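Numbering (mature numbering (1 follows the signal peptide of the UniProt record, and there is no 0)), first residue to last: -29 to -1, 1 to 460.
In this text, a Cβ means the ideal position worked out from N, Cα and C, and glycines have one as well.
Since the model is a prediction, treat every value here as computed from it, not as a measurement.
The structure under discussion appears below in the form of structure tokens.
Structure, rendered in structure tokens:
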């Protein structure tokens, strides 16, 4: 029989403390799982969103103010230097020095004219439920890792605009006991086609899936151009770095920056993640804040791959020095890319873009569409296998996402297009739907896991219409349930 002695007791105590310390260190190093008070923020598919390749491309021309290098109806006429987000070139005096171009459209008579609002896709494919104020007022916002403003429709807008916008939820600061006005603070977002949104600023509580951020800067819209007003969403929640926030005289912190400062998310997981479900998935789309969804990672059978982020321009920018098309590597030494959840397409350099479409039988560049197109009857085995580097690892694009939208003549508009004069790629939803994305703000790095998705045999003739029931058609209040997209095979 074993007898306890002072030595054995002290040894046992030492071993216990060592194992307990090891346990604490291991659990502290792991992001929290979803069984804590941190929950998923579900995304819903926008019921009014209509895929249109050219309109989406024109929206990117205005958002990032780059000059097209391929022929088409839309082009850039002049350049001016301003402060703001879009088309960032370099840092000057601590603020972003940018190039803003004016987008024009060639008319039938050969003259150049203004770009009408209906020529652009000013809506979001995914929307997320967010509550603002006390008691919480519910909104459906576009989560955008390519910008850093949180703005909403508000009662400060002209009454004529409010009366015409029954589809929008409008924030009323007078109905929130926690709202505080920030005297003298204003905000303004202006794009290359002269469209703009602007207004005043205050602070209030913001509820994201049960996680409450206190005293968050809220940008109340008092003016919206037609381009901004015609979308279904109630505003935007920016998830880029706060250095490109447009509030003046001083930027305000982003929701994630405030989560970190207020310790609403653990120091070991100062991050958020995005899972954007594709057309064929029977899965939820969601964001998480403060933890990585381990079920999604385990389903991939892989570890998260991380690469450093260069946030000097405010974006989630990382090295992307190569791509592959059907296993053939395209060297793009020094190339960089940004992960932008507010962008539907993927924009890349012309050489790589041409290599992709040269590998698709019947593909062609359509000047009238200002984009690459290919036959919608193309079978999966005829579509190339395409990947882009995230740091030092290749991640593949789902073949179904090589097709973005039906253009009505037996062809589809490609999900990957030219980035024009821009010096970096924009990897939007076309790419992000193929991965589980981790935006690690605390460690200034971007993580990715290749998602396992079933292949397809052919681009469905009505793939752009095959969508699950949305909150609009079900009548169920957004944010009160987890919405699941179910697609028939």
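Flag this pair as yes or no: are the beta carbons of residue i and residue j separated by less than 8 angstroms?
{"i": "residue 118", "j": "residue 313", "result": "yes"}
{"i": "residue 189", "j": "residue 175", "result": "yes"}
{"i": "residue 367", "j": "residue 267", "result": "no"}
{"i": "residue 288", "j": "residue 309", "result": "yes"}
{"i": "residue 389", "j": "residue 295", "result": "no"}
{"i": "residue 112", "j": "residue 205", "result": "yes"}
{"i": "residue 14", "j": "residue 99", "result": "yes"}
{"i": "residue 41", "j": "residue 376", "result": "no"}
{"i": "residue 101", "j": "residue 208", "result": "yes"}
{"i": "residue 240", "j": "residue 213", "result": "no"}
{"i": "residue 335", "j": "residue 344", "result": "yes"}
{"i": "residue 332", "j": "residue 353", "result": "yes"}
{"i": "residue 172", "j": "residue 153", "result": "yes"}
{"i": "residue 124", "j": "residue 141", "result": "yes"}
{"i": "residue 291", "j": "residue 351", "result": "no"}
{"i": "residue 215", "j": "residue 104", "result": "no"}
For residue i, which residues does DSSP report across the bridge?
{"i": "residue 319", "result": "389"}
{"i": "residue 378", "result": "Note: residue 378 sits in no beta bridge, so no partner."}
{"i": "residue 299", "result": "296"}
{"i": "residue 172", "result": "190"}
{"i": "residue 360", "result": "365"}
{"i": "residue 122", "result": "190, 207"}
{"i": "residue 343", "result": "336"}
{"i": "residue 421", "result": "406"}
{"i": "residue 167", "result": "161"}
{"i": "residue 148", "result": "DSSP output for residue 148 lists no bridge partner at all."}
{"i": "residue 178", "result": "102, 183"}
{"i": "residue 416", "result": "279, 411"}
{"i": "residue 397", "result": "309, 318"}
{"i": "residue 199", "result": "According to DSSP, residue 199 bridges with nothing at all."}
{"i": "residue 12", "result": "258"}
{"i": "residue 246", "result": "257"}
{"i": "residue 383", "result": "345, 377"}
Could you spell out where the beta strand (DSSP E) holding residue i opens and where it closes?
{"i": "residue 193", "result": "182 to 195"}
{"i": "residue 337", "result": "335 to 337"}
{"i": "residue 132", "result": "Here residue 132 belongs to no beta strand (DSSP E); instead the alpha helix (DSSP H) covers 130 to 134."}
{"i": "residue 151", "result": "151 to 161"}
{"i": "residue 406", "result": "406 to 411"}
{"i": "residue 215", "result": "Unbroken run through residue 215: none, as it is neither H nor E."}
{"i": "residue 279", "result": "276 to 279"}
{"i": "residue 288", "result": "288 to 290"}
{"i": "residue 103", "result": "97 to 103"}
{"i": "residue 112", "result": "108 to 115"}
{"i": "residue 258", "result": "257 to 260"}
Pull up the CB-CB distance for residue i and residue j, whole angstroms please, since I reckon it's below 8 angstroms.
{"i": "residue 258", "j": "residue 418", "result": "About 14 angstroms separates the two Cβ atoms, so there is no contact after all."}
{"i": "residue 211", "j": "residue 132", "result": "Not a contact, Cβ separation roughly 27 angstroms."}
{"i": "residue 25", "j": "residue 338", "result": "With 8 angstroms as the limit, residue 25 and residue 338 do not qualify as a contact, their Cβ atoms being about 11 angstroms apart."}
{"i": "residue 369", "j": "residue 404", "result": "6 angstroms"}
{"i": "residue 263", "j": "residue 412", "result": "That belief does not hold up - the Cβ atoms of residue 263 and residue 412 are roughly 13 angstroms apart, past 8 angstroms."}
{"i": "residue 311", "j": "residue 116", "result": "6 angstroms"}
{"i": "residue 387", "j": "residue 355", "result": "Actually they do not touch by this definition, with Cβ atoms about 11 angstroms apart."}
{"i": "residue 391", "j": "residue 114", "result": "At roughly 26 angstroms, the Cβ-Cβ gap does not stay under 8 angstroms, so residue 391 and residue 114 are not in contact."}
Nearest to residue i by alpha carbon, out of the options?
{"i": "residue 145", "options": "106, 319, 243, 397", "result": "106"}
{"i": "residue 186", "options": "280, 16, 350, 226", "result": "226"}
{"i": "residue 179", "options": "342, 229, 349", "result": "229"}
{"i": "residue 127", "options": "370, 102, 193", "result": "193"}
{"i": "residue 156", "options": "110, 336, 383, 218", "result": "218"}
{"i": "residue 394", "options": "420, 319, 377, 139", "result": "319"}
{"i": "residue 347", "options": "371, 322, 213", "result": "371"}
{"i": "residue 198", "options": "27, 377, 354", "result": "27"}
{"i": "residue 248", "options": "356, 273, 334, 402", "result": "402"}
{"i": "residue 275", "options": "410, 12, 47, 298", "result": "410"}
{"i": "residue 422", "options": "11, 271, 125", "result": "271"}
{"i": "residue 304", "options": "297, 293, 361", "result": "293"}
{"i": "residue 255", "options": "125, 46, 420, 97", "result": "97"}
{"i": "residue 29", "options": "44, 415, 18", "result": "44"}
{"i": "residue 20", "options": "233, 378, 321, 202", "result": "202"}
{"i": "residue 222", "options": "307, 158, 243, 263", "result": "158"}
{"i": "residue 269", "options": "108, 420, 306", "result": "420"}
{"i": "residue 181", "options": "286, 283, 109", "result": "109"}
{"i": "residue 363", "options": "400, 415, 306, 311", "result": "306"}
{"i": "residue 238", "options": "39, 414, 170", "result": "414"}
{"i": "residue 325", "options": "378, 385, 234", "result": "385"}
{"i": "residue 18", "options": "138, 321, 48", "result": "138"}
{"i": "residue 246", "options": "378, 233, 265", "result": "265"}
{"i": "residue 297", "options": "195, 273, 323", "result": "323"}
First and last residue of the alpha helix (DSSP H) that includes residue i?
{"i": "residue 402", "result": "400 to 403"}
{"i": "residue 35", "result": "24 to 35"}
{"i": "residue 270", "result": "265 to 271"}
{"i": "residue 231", "result": "226 to 232"}
Check the Cβ-Cβ distances between residue i and every residue of chain C, and say whether any is below 8 angstroms.
{"i": "residue 316", "result": "Of the protein chains in this structure there is only one, and it is not chain C."}
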